[in-house]
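Just so we're aligned, residue 1 is where the sequence shown starts under the UniProt record's numbering, counting upward by one.
Glycine is no exception: its CB is placed at the ideal position from the N, C-alpha and C atoms.
Report on the structure given below.
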Amino acid sequence: RTIQKNLNPTYACKYEGKCVIDKVTRNQCQECRFKKCIAVGMATDLVLDDSKRLAKRKLIEENRERRRREELQRTVWDRIEPTQEEWDLIRMVTEAHMATNAQGNHWKQKRKFLSAEGLKETKPEDNGQASMVNTPNGNKVDLEAFSQFTKIITPAITRVVDFAKKLPMFCELPCEDQIILLKGCCMEIMSLRAAVRYDPESETLTLNGEMAVTRGQLKNGGLGVVSDAIFDLGVSLSAFNLDDSEVALLQAIILLSSDRSGLSNVEQIERYQEEFLLAFEHYINYRKHKVPHFWPNL
């Protein structure tokens, strides 16, 4: 600091430069302390000026950042990708999903928007308020939305059941366990299928691959507060850009939930779910998503 700021000419010893400098007295005389530094071998020509010091600090930061990127790259390379058995599992569950998912990837072209007059090709300006009626308990119900929902609910449930039956692991379970798992997961899988078809532009979810509804229509059509959870899920999932395989794996994981009450083959179901979880995690590694901390956030 003395050299950098050229302070040594300002130093003056009160005792003719004969101070004893140690840990206790070093702050009592700047001149004698500086002279002792030179005497023990500290070189003034090696002291960096401000520009050189900043350049060195920048180089250190650049090297640190380079090492961090290299470490991150090594971590990415070291991530485990699916084994051949897991690829077979992923392929099987993806085919099951695509075979039972209405309209597939063409849902945006096939969907129709719910209005007070029924289903329309384009999103109407109104949201069905004309068909709102009060129920005896004081709630409001959109009759048109309720009517349309009742038409699609049975086909939607049937597709979830068909999806489950296409998974050999599920079919190996006793019928009693199959029924419990389906009862537990049906609404969750239907909600997931709707959530992944959230369209930020129109702020709608597409139900059963064919009917686009707003948050208000879903709520007033009979789902109540559940509609907010489904819409919020759709908004969150839109950032992940899930493909068919990832949606299919999520559905299988939801289906094979061993915490459903009344199951008899809990350990077997846990083992099946773990296989799908590992395949899912390894598939995410293979996909190399750009979303930070993709797996834990999902």
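Please state whether DSSP places residue i in a helix, a strand or coil.
i	result
residue 240	coil
residue 259	coil
residue 128	With a pLDDT of 46 at residue 128, under the threshold of 50, the predicted position of this residue should be treated as unreliable, and no value is reported.
residue 235	helix
residue 266	helix
residue 198	strand
residue 142	strand
residue 114	strand
residue 213	strand
residue 205	strand
residue 171	helix
How many angstroms separate the CA atom of residue i from the CA atom of residue j?
i	j	result
residue 184	residue 59	58 Å
residue 167	residue 66	46 Å
residue 143	residue 228	19 Å
residue 178	residue 237	28 Å
residue 150	residue 157	11 Å
residue 21	residue 57	32 Å
residue 260	residue 273	13 Å
Quick one: what's got a C-beta closer than 8 Å to residue i's C-beta in the same chain, skipping five residues either side?
i	result
residue 25	19
Among the residues of its own chain, which have a CB less than 7 Å from the CB of residue i, if the five just before and after it don't count?
i	result
residue 262	180
residue 207	152, 194, 213
By the 10 Å Cβ neighbour count, where 16 or more other Cβ atoms means buried, how is residue i classified, buried or exposed?
i	result
residue 53	exposed
residue 97	buried
residue 29	buried
residue 290	exposed
Rank the options by C-alpha distance to the C-alpha of residue i and give the top, closest one.
i	options	result
residue 2	197, 33, 208	33
residue 284	273, 102, 298	298
residue 201	192, 208, 212	212
residue 233	188, 221, 252, 90	188
residue 293	61, 182, 239	239
residue 245	196, 258, 204, 172	196
So, at 6 Å on beta carbons, what are the nonlocal neighbours of residue i in its own chain, with the 5 sequence-adjacent residues on each side left out?
i	result
residue 223	none
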